[in-house]
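First up is the structure itself, then whatever we jot down about it.
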Amino acid sequence: MEAQAYIEQGWATDLHAPRETMRAAVARVQVPGTPELEAEGPSGAARIPSLAHRALREALQHGPALVQVPRGGYAPLVACARCRAVARCPVCSGPLALGRDGAVTCRWCGRNTANWSCPECGHTRLRMVQVGTTRTAEELGRAFPGVPVVASGAREDHGVIAGVDARPRLVIATPGAEPVADGGYWAVLLLDGAALSSRPDLGAASEAMRQWTNAAVLAHPDAPIVLLGRPHPVAAQALVRWDHAGFARRELAERAQLHLPPAWRAARLDGPRLRLEDLFEQARAAGFEVLGPVATPQHGGSAVPGAAVPGAQPPSMRGLIRAPLTRGRELAAFLQLQVREASVHREEPVRVELDPTVLW
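Throughout the sequence shown, residue numbering follows my numbering, covering 36 to 395 in sequence.
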């Protein structure tokens, strides 16, 4: 979208290949819908349905196949097996992850949690909510006995692999860690599409398009690319049509209607309520748009309680200040002045982030 914004402002020009060239160079993208998955029977509801297994089996007759998994590790997120509440560290409240050896560790502080129990229902057993590259490699290794399986990612023991030869093998990789295959991959599976494209972050669908595309261009032109896991429908259809510019135009137009970056300039501010309210009043007087302040989200979106706790710091608040692109420099100068004056007068600090990817 940032590149499309430059085009629409006249700073850049759109260059695209003829449709015939695109068809000859780009592999075919498939996004199985409900009818196709239901036709597979019970396996259609699986994370890797039988149609994906068939695509891999056929690809391995010619060369390597790539499987992109959004997360590394074994089970990067677990929850209570009874009430489905996300399991969190009793020390720092960070999310817990399950390792291949069965050890439960906190993803924030790294502490091991030996005797975890759910604070909601008291249950002591965990279930996997998210599956990483290590677990995926194990499952596919059992499904394709005798086929070499290689995992590439920052969390793997051998790290990121730069490339693989043309011999048949399964390559499991996180986004950005996909090795280059000699002659290209003969099949590419893009798993857990919703995990990338439906996150609450601003620009999640656009980032998913980028990561899917980076994997798709590693495929042989005659290879199938299968996108699974309930991806964002607009992003998925744009990938099928290979219409990245059209997708960027639609996303940018929506951002313009919502007054969000990169169509507008926005600043996210975090700090004490009284300090933010005073700063937002000055922003309104300067003609900027203001949203908030509201309590800062914590731990998956639950707001910080407004009741004061004896001896604790006041709850942090969050808000947005927005301005058209033509007033972007003016907004930055206004915020710079406010931060400098607050420092001179030793007022409570306010954290400022321009054009953030996470709004709330």
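We treat Cβ as the ideally placed atom computed from N, Cα and C, and that holds for glycine.
Answer yes or no: do residue i and residue j have a C-beta to C-beta separation smaller than 8 Å?
{"i": "Gly-167", "j": "Cys-144", "result": "no"}
{"i": "Ala-271", "j": "Leu-262", "result": "yes"}
{"i": "Leu-253", "j": "Val-215", "result": "yes"}
{"i": "Ala-100", "j": "Leu-86", "result": "no"}
{"i": "Gly-194", "j": "His-255", "result": "no"}
{"i": "Arg-186", "j": "Thr-169", "result": "This sequence places Ala at residue 186; Arg is not what is there. It is a contact, given that the beta carbons lie within the stated cut-off."}
{"i": "Met-163", "j": "Ala-110", "result": "yes"}
{"i": "Cys-141", "j": "Cys-118", "result": "no"}
{"i": "Ala-94", "j": "Trp-247", "result": "no"}
{"i": "Asp-227", "j": "Pro-105", "result": "yes"}
{"i": "Ala-189", "j": "Ala-212", "result": "yes"}
{"i": "Val-325", "j": "Gly-363", "result": "no"}
{"i": "Ala-250", "j": "Leu-231", "result": "no"}
Which term fits residue i, buried or exposed, when burial requires 16 or more other beta carbons within 10 angstroms of its beta carbon?
{"i": "Gly-157", "result": "exposed"}
{"i": "Ala-84", "result": "Contrary to the premise, residue 84 reads as Pro rather than Ala in this sequence. Per the 10 Å Cβ criterion, buried."}
{"i": "Gln-44", "result": "exposed"}
{"i": "Met-57", "result": "exposed"}
{"i": "Trp-299", "result": "buried"}
{"i": "Val-126", "result": "exposed"}
{"i": "Ser-378", "result": "exposed"}
{"i": "Leu-131", "result": "buried"}
{"i": "Gly-108", "result": "buried"}
{"i": "Glu-376", "result": "exposed"}
From residue i to residue j, what does the alpha carbon distance come to, in whole angstroms?
{"i": "His-97", "j": "Arg-202", "result": "8 Å"}
{"i": "Thr-331", "j": "Leu-50", "result": "42 Å"}
{"i": "Arg-308", "j": "Gly-322", "result": "21 Å"}
{"i": "Leu-372", "j": "Leu-314", "result": "11 Å"}
{"i": "Leu-224", "j": "Ala-368", "result": "47 Å"}
{"i": "His-279", "j": "Ala-273", "result": "6 Å"}
{"i": "Asp-200", "j": "Phe-179", "result": "19 Å"}
{"i": "Val-113", "j": "Ile-207", "result": "21 Å"}
{"i": "Ala-229", "j": "Pro-266", "result": "4 Å"}
{"i": "Val-61", "j": "Gly-281", "result": "17 Å"}
{"i": "Ala-318", "j": "Arg-234", "result": "30 Å"}
Tell me the DSSP secondary structure of residue i in three-state form.
{"i": "Gly-211", "result": "coil"}
{"i": "Ala-377", "result": "helix"}
{"i": "Glu-324", "result": "strand"}
{"i": "Tyr-41", "result": "helix"}
{"i": "Pro-391", "result": "coil"}
{"i": "Leu-95", "result": "coil"}
{"i": "Asp-236", "result": "coil"}
{"i": "Pro-84", "result": "coil"}
{"i": "Ser-241", "result": "helix"}
{"i": "Val-164", "result": "strand"}
{"i": "Leu-304", "result": "strand"}
{"i": "Trp-247", "result": "helix"}
Just checking my contact of residue i with residue j at CB under 8 Å: how many whole Å lie between their CB atoms?
{"i": "Arg-357", "j": "Ala-320", "result": "In fact, because the Cβ distance is near 15 Å, the residues do not count as touching under 8 Å."}
{"i": "Thr-392", "j": "Asp-236", "result": "5 Å"}
{"i": "Arg-284", "j": "Gln-39", "result": "6 Å"}
{"i": "Asn-150", "j": "Ala-138", "result": "About 13 Å separates the two Cβ atoms, so there is no contact after all."}
{"i": "Arg-303", "j": "Leu-205", "result": "Rounded, the Cβ-Cβ distance is 42 Å, inconsistent with contact."}
{"i": "Arg-63", "j": "Ile-260", "result": "7 Å"}
{"i": "Leu-311", "j": "Pro-328", "result": "4 Å"}
{"i": "Ala-172", "j": "Val-184", "result": "5 Å"}
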